[in-house]
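Peer 1: These protein sequence lines are chains A and B, in that order. According to my numbering, the first sequence is numbered sequentially starting from 3. According to my numbering, the second sequence is numbered sequentially starting from 3. Built from N, CA and C at the ideal position, the CB exists for glycine as well.
Protein chains: 2
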Amino acid sequence: MNEEQWLEELLKFSGEDGKFSEKQLKILEAAIEMFAEKGYAATSTSEIAKRAGVAEGTIFRHYKTKKDLLLAIVTPTLLQSVAPFLAKEFAKEVFEHQYEHYEDFVRALWKNRYAFVKKYLPAIRVFWQEIAFHDEIQKQLKTVFTLHVYDKFANIVRHFQEKGEIEDIPVETVIRLTVTTIAGFFATRFIIMPDYVWDDEAEMERTIQFLMNGLRKKDA
Amino acid sequence: MNEEQWLEELLKFSGEDGKFSEKQLKILEAAIEMFAEKGYAATSTSEIAKRAGVAEGTIFRHYKTKKDLLLAIVTPTLLQSVAPFLAKEFAKEVFEHQYEHYEDFVRALWKNRYAFVKKYLPAIRVFWQEIAFHDEIQKQLKTVFTLHVYDKFANIVRHFQEKGEIEDIPVETVIRLTVTTIAGFFATRFIIMPDYVWDDEAEMERTIQFLMNGLRKKDA
DNA sequence: ATAAAATGTGAGTGAGTACTCACTTGAAAA
DNA sequence: TTTTCAAGTGAGTACTCACTCACATTTTAT
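1. I'd like to know whether the C-beta of A:Phe135 is nearer than 8 Å to at least one C-beta of chain B.
2. Quick one: does A:Ala43 have its CB under 8 Å from some CB of chain B?
3. Beta-carbon within less than 7 Å of B:Ile61's beta-carbon, same chain only, minus the 5 sequence neighbours each way: which residues are those?
4. Does the region 72-91 of chain A come within contact of the region 7-22 of chain A, defined as at least 3 CB pairs closer than 8 Å?
5. When the distance is taken between beta carbons, is A:Phe188 closer than 8 Å to A:Val119?
6. Just to confirm my understanding: we take B:Met3, look at its own chain, exclude 5 residues before and 5 after, and list those with CB closer than 6 Å. What are they?
7. Return no unless some Cβ of chain B is closer than 8 Å to the Cβ of A:Asn215.
8. Run through chain B and tell me which residues come within less than 8 Å of A:Arg178, C-beta to C-beta.
9. Out of A:Arg208, A:Ala89, A:Ala156, which one is the CA nearest neighbour of B:Leu179?
10. Which of the residues in the region 34-59 of chain B, read from start to end, lie with their CB under 7 Å from any CB of chain A?
11. Take B:Tyr116 as the anchor and find which of B:Glu205, B:Val56, B:Asp221 has the nearest alpha-carbon.
12. Is DSSP giving A:Ile168 helix, strand or coil here?
13. So, are the CB atoms of A:Thr190 and B:Thr182 less than 8 Å apart?
14. Do you know offhand how far B:Glu39's Cα is from B:Gln142's?
15. Please decide whether A:Gln163 counts as near chain B, where near means a Cβ-Cβ distance under 8 Å.
16. With 16 other CB atoms within 10 Å as the buried threshold, where does B:Val108 fall?
17. So with Cβ pairs under 8 Å, would you call B:Phe212 a contact of chain A?
18. Could you pull the start and end residues of the alpha helix (DSSP H) that A:His64 belongs to?
19. Would you call the CB atoms of A:Gly41 and B:Ala74 closer than 8 Å?
20. Give the C-beta separation of B:Phe87 and B:Val151 to the nearest angstrom, bearing in mind that I take them to be a contact with Cβ-Cβ under 8 Å.
21. Assess contact between the region 128-135 of chain A and the region 126-142 of chain B, defined as three or more Cβ pairs (one per stretch) separated by less than 8 Å. Is contact present?
22. Check whether the Cβ of A:Arg208 lies closer than 8 Å to any Cβ atom in chain B.
23. Considering only C-alpha positions, which residue in the set A:Ala185, A:Ser23, A:Asn215, A:Ile126 is nearest to A:Ile34?
24. Can you tell me the Cα-Cα spacing of B:Glu164 and B:Leu217, whole angstroms?
25. Could you tell me which chain B residues have their CB closer than 9 Å to the CB of A:Ile171, listed as they occur along the chain?
26. Quick check on B:Ala89: buried or exposed, where buried means 16 or more other Cβ atoms within 10 Å of its Cβ?
27. Flag A:Thr79 as yes if its beta-carbon sits less than 8 Å from any beta-carbon of chain B, otherwise no.
28. May I ask which residues mark the beginning and end of the alpha helix (DSSP H) holding B:Lys2?
29. Going along the chain, which residues of the region 119-132 of chain A sit with their C-beta nearer than 8 Å to a C-beta in chain B?
30. Please report the distance separating the alpha-carbon of A:Pro172 from that of A:Ile210.
31. Quick one: using the 10 Å Cβ neighbour count with 16 as the cut-off for buried, is B:Tyr65 buried or exposed?
32. Which two residues bound the contiguous alpha helix (DSSP H) that contains A:Ser83?
33. In chain A, which residues lie less than 8 Å from B:Glu205 when you measure between Cβ atoms?
34. I need the straight-line Cα distance from A:Glu169 to A:Tyr104, nearest angstrom please.
35. Going by the DSSP bridge assignment, what does B:Arg218 pair with across the sheet?
36. Among B:Lys25, B:Ser16, B:Ala32, B:Trp112, whose alpha-carbon lies nearest the alpha-carbon of B:Glu203?
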């Protein structure tokens, strides 16, 4: 019918079970676009209403406050961001040796998150721009990370450390280096220099080589 | 007299030659604090005036608009951020082999920028939070980077590639990996997880080892 | 068919908003 | 001493903000 499928997919994680009216989706779409462009604080509800083709009151029928509207965007985005770690099959996949090497795991993660970033870029922008200013979002991130991401990630790292594949440095450090290397590419690629001419495949290859060489265990 | 020396040092790069009244410094200090906490758009000039202990009109005596006040903070911060590359001695230092290895250069850069980040953290926060929303800041960054940073950095990288120290991958990629590795640490250390218990020296050591192993030329 | 509930509307409201301007102050220049 | 002028003031201005509410329309339940 319309081309807001990506939005409805994003909202899979919203709690409210799929009951979104046309106008409500229009509101969310407009809000994501405008928050991404000008920021939450600089975007007025009247502007959102206008862009969504909706009366201002309709926004407040669905969201008690402007901040509620923000959270309705940011919470699903956070959950989609760490979606691989929320999936039940995920840890299993890794430990039933579907990935023989840490590099295979990193590659799978990369491809998966690359597709995600391309698809939801505006919502991701909103998330990272506003997290600095809103305690609720910061707390959400901390909770989700410690509850659903950290342990699984740490187990994977330890697994490959025991296999002697990667250096015996603290798992926190391995996680940090892995995440910032991948996120550093995405940030440069999509936010800082989106207009530069990128050869994504080649750059992924170089970056993963860099990461693996950096983490690989040196023979004693 | 007061403890705003850091501010006056930041403003060395402001163009207006050191002529800052007491009240003007108070305004800048208050603005940096509040912009860092709540963001530019969510901070009102009346709040800034109140925190600075100044009448609201005084702000507009010194800065025609609120955005001018923002730029008076952001521009010096940008310039201080890339200060090592602005210094004349810098390129010389590198090419007269004051640094024998790329690692020495990275170490020098790290220590220097670590001190900088610790000192000016709130101003840096403002810079990175607002760059997303203001074209003028984006343009400034692009100009400064291409004009003063990129060429020097690229020459250094090429120098050590010719020496056979680091892998023959595009200089842009080497720069990106170096910068995001260092910046990734600073972001995690000071912004994302400032409350975590950090052993800064050890973490620097691990990160630099990671970086050098990642970039080191593999013998054919 | 009818009641009831959910969804949508837009003029209205009071609390700000960035910015102005006529005026005061204090210190240096004449 | 008198003049000049930058620095500082705060009430005032036109306007925008998030949010409300009485009412209209559409959807669902009975």
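Peer 2: On the basis of the data shown:
1. Taking Cβ atoms only, chain B reaches closer than 8 Å to A:Phe135, which makes this a yes.
2. Taking Cβ atoms only, chain B reaches closer than 8 Å to A:Ala43, which makes this a yes.
3. Ile29, Thr47, Ile50, Ala51, Leu71
4. yes
5. In this structure, the beta-carbon distance from A:Val119 to A:Phe188 falls below 8 Å.
6. Legend: pLDDT at B:Met3 = 41, less than 50; position of this residue unreliable, value from coordinates given subsequently. Correct list: empty, nothing qualifies.
7. For A:Asn215, the answer is yes, since a Cβ of chain B falls inside 8 Å of its Cβ.
8. Gly186, Phe187, Thr190
9. Nearest in C-alpha terms to B:Leu179, of all of A:Arg208, A:Ala89, A:Ala156, is A:Arg208.
10. Lys40, Gly41, Ala43, Ala44
11. In this structure, B:Glu205 is the residue among B:Glu205, B:Val56, B:Asp221 with its C-alpha nearest to the C-alpha of B:Tyr116.
12. strand
13. yes
14. In a straight line, the C-alpha of B:Glu39 is about 23 Å away from that of B:Gln142.
15. no
16. buried
17. yes
18. Start and end: 58-64.
19. no
20. 5 Å
21. yes
22. yes
23. Cα-wise, what sits closest to A:Ile34 is A:Ile126.
24. 14 Å
25. Arg208, Gln211, Phe212
26. exposed
27. No, A:Thr79 lies away from the interface with chain B (no Cβ there is under 8 Å from its Cβ).
28. The requested residue 2 of chain B is not part of the displayed model; chain B covers only 3 to 222.
29. Arg127, Gln131
30. 20 Å
31. Here B:Tyr65 is buried: its Cβ has 16 or more other Cβ atoms, across all protein chains shown, within 10 Å.
32. A:Ser83 -> alpha helix (DSSP H) spans 68-83.
33. Those are Thr175, listed as they occur along chain A.
34. In a straight line, the C-alpha of A:Glu169 is about 12 Å away from that of A:Tyr104.
35. Answer by DSSP bridge pairing, in chain order: B:Ile168.
36. B:Trp112
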